[in-house]
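Trainee:
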Amino acid sequence: GTDTVGRDVLSRVLVGMQASWFGALAVVGSGALFGGLVGLVAGALGGWFDAVLMRITDAFLALPGPILALAVVAALGRSYTNTLIGVAIVWWPLYTRIVRSEVRKLRSSPHMEAARVGGVSWWRLLRRHLLPGAIPVTIVTASLDIAALVLMLSSLSFLGLG
């Protein structure tokens, strides 16, 4: 269909949607990468290192996400890039928690014990056994987060911050 001036509505929606999808994919990608690495290391190492990383993650999770994103954007200045940075800072702890829990579950599985007994190095355990086990749950979470991110980015844009 067209609007009253005769412009195609579908093409205008698709062009307008590009920025929202790019922003959501950028935030999901950066959050999953950074949060996933933190969760992978925390879950694999355990002990006091895990406790310290999880307390930092809890500190980020304790603050309301939109308020923290607003504070970051206000500190950095108004631009779409700064809005993406602010939302990415808010979004990474979710992936840290998810990947950490998956890695801790995988650490106690029989195939990990067999690999450890077989003399596999720590890096190889991480790369070949723990990381591939954490990827599916991260992909599912990322695909579900895209809708929430589009909503958050459009809300911040409505407030004039992106």
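Residue numbers for the sequence shown follow the numbering used here, beginning at 46 and rising by one. Beta carbons: idealized from backbone N, C-alpha and C, even for Gly.
(1) Could you give the residue range of the alpha helix (DSSP H) that holds Pro138?
(2) Does Asp53 come out as helix, strand or coil in the three-state DSSP assignment?
(3) In terms of residue numbering, what span does the alpha helix (DSSP H) encompassing Pro155 cover?
(4) Nearest-angstrom Cα distance between Ser65 and Leu176?
(5) On the premise that Thr186 lies in contact with Ile130, defined as a C-beta separation below 8 Å, what is that separation, rounded to the nearest angstrom?
(6) Looking at Gly74: is its Cβ nearer than 8 Å to the Cβ of Thr141?
(7) Using alpha carbons as the reference points, say which of Gly207, Ser166, Val72 lies closest to Ser188.
(8) Exposed or buried, what is Val148 when buried is set at 16 or more other beta-carbons lying within 10 Å of its beta-carbon?
(9) Give me whichever residues DSSP pairs with Thr183 in a beta bridge.
(10) Do the stretch 83-95 and the stretch 167-182 make contact, defined as three or more Cβ pairs closer than 8 Å?
(11) Who are the near neighbours of Phe94 in its chain, counting only those whose CB is closer than 8 Å to its CB and skipping five residues on each side?
(12) Between Val118 and Gly163, what straight-line distance do the alpha-carbon atoms span, to the nearest angstrom?
(13) Residues in its own chain within less than 7 Å of Leu198 by CB, not counting five upstream and five downstream?
Mentor: The relevant details are as follows:
(1) From DSSP, the alpha helix (DSSP H) with Pro138 extends over 125-152.
(2) Residue state, collapsed to three classes: strand.
(3) 155-162
(4) 29 Å
(5) Contact flag wrong, Cβ pair sits at about 21 Å.
(6) no
(7) Val72
(8) buried
(9) DSSP output for Thr183 lists no bridge partner at all.
(10) yes
(11) Val86, Ala87
(12) Those two C-alpha atoms are separated by around 50 Å.
(13) Ser65, Gly68, Ala69, Thr128, Val132, Gly207
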